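Since the structure comes first, as structure tokens, the remarks are kept for the end.
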Amino acid sequence: MPDWPELVRQGLSGLALDANEKDEVHLELAGHLEDSYEAFCRKGLPEEEAVHRAMELVSDWADLQHRILASGKGDPMQKRVHQLWIPGFLTFILSTTLLMTLQKLGFRPLIISWNGTPGTILFYVPWLLSLPFLGALGAYFSARAGAARAIVLLASTFPVLALATAFILMFPIDMIIEPIAGNHVDFGIVATAILKDGASWLLVPGASLVVGGLLVSFLFRRRPPSQRAAITSETTHA
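Take the working numbering: the last position of the sequence shown gets the number 245, and nothing is skipped along the way.
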């Protein structure tokens with residue numbers, strides 16, 4: 008039996024996509040050709056004839072390559088907006104709104120001592136339980152927009168990434184403000200506060216969000232609809 012992935016790689020050698028997209032297009036088309044080959048074999052065709060019939064499904068490799076590129080082209084910035092920023096901000100807004108709502112409704116956080124100091128880490132249990140679903144929602148919209156798995160996971164964990172960025176920016180902001188305001192800032196205290204707050208607002212929420220993102224990334228395998236349509240149309244129409 009032919010090495011279908013290698014045949015596809017040779018036929019689409021000039022496909023100008025990133026590595027992940029190219030590999031997925033190659034695997035999808037190779038799988039389609041292999042399925043067709045096995046179907047022809049089950050009909051009683053000799054192996055050589057089955058291979059020939061399967062290869063005939065791609066009438067023109069250059070045209071197929073052009074169609075795949077044409078179906079996937081677009082403004083990279085607009086693509087990133089739909090794949091990351093919109094799903095990410097949706098997850099951020101929903102998670103923040105839910106937390107504020109729980110606080111207004113009087114939900115008390117679970118208080119856990121840290122380093123022998125009572126009351127330093129706060130966990131809003133209902134909020135944490137909701138985060139896998141919110142992370143999955145952001146990941147779903149990102150995957151629907153054709154994002155790679157890494158971008159899908161970034162979209163699902165966007166709220167904690169935004170908070171982490173805010174924490175990191177505290178240091179350069181303090182370095183700028185301190186000479187202007189004339190107030191000394193103990194960066195050891197700041198770092199300790201970030202570490203304690205990080206457990207409450209970064210580590211545990213991030214783990215909860217990424218659970219939903221991982222679930223979607225595995226169940227919703229990325230296949231850009233336009234590229235999938237181009238491959239299916241070309242291989243079945245010929």
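Heads up, the beta-carbon is just placed ideally off N, CA and C, and yes, glycines get one too. Please read these numbers as outputs of a predicted model, since none were measured by experiment.
Please report the distance separating the alpha-carbon of residue i from that of residue j.
| i | j | result |
| --- | --- | --- |
| phenylalanine 47 | leucine 40 | 11 Å |
| lysine 29 | tryptophan 68 | 15 Å |
| leucine 226 | tyrosine 147 | 10 Å |
| aspartate 221 | glycine 142 | Inspection of the sequence shows that residue 221 is occupied by leucine rather than by aspartate. One C-alpha to the other measures close to 9 Å. |
| valine 65 | serine 207 | 55 Å |
| glutamate 35 | arginine 16 | 11 Å |
| valine 167 | lysine 86 | 22 Å |
| glycine 145 | glutamate 31 | 22 Å |
| glycine 38 | proline 12 | 8 Å |
| arginine 56 | alanine 157 | A small correction: the amino acid at residue 56 is glutamate; arginine does not occupy that position in the sequence shown. Whole-angstrom Cα-Cα distance: 41 Å. |
| methionine 8 | serine 43 | 12 Å |
| leucine 106 | asparagine 27 | 36 Å |
| proline 53 | aspartate 10 | 17 Å |
| threonine 179 | serine 20 | As written in the sequence, residue 179 is proline, which differs from the threonine given in the question. So the alpha carbons of these two residues sit roughly 47 Å apart. |
| lysine 50 | threonine 104 | 59 Å |
| lysine 111 | valine 132 | 15 Å |
Since I believe residue j is in contact with residue i (beta carbons under 8 Å), could you give me their beta-carbon distance rounded to a whole number of angstroms?
| i | j | result |
| --- | --- | --- |
| alanine 5 | phenylalanine 99 | Since the first residue of the chain shown is 8 and the last is 245, residue 5 is not available in this structure. |
| leucine 91 | leucine 161 | 6 Å |
| threonine 164 | valine 217 | 5 Å |
| proline 212 | leucine 138 | 6 Å |
When DSSP labels each residue in this structure, what does residue i get in the three-state scheme?
| i | result |
| --- | --- |
| leucine 117 | strand |
| methionine 107 | helix |
| alanine 155 | coil |
| threonine 3 | Examination of residue 3 is not possible in this model, given that the chain is present from 8 through 245 alone. |
| threonine 164 | coil |
| leucine 216 | helix |
| leucine 170 | helix |
Determine which residues share a DSSP beta bridge with residue i and list them.
| i | result |
| --- | --- |
| phenylalanine 130 | Leu117 |
Which residue spans inside the stretch 10-91 form an unbroken alpha helix (DSSP H) run of at least 4? 11-18, 26-49, 54-63, 68-79, 83-87
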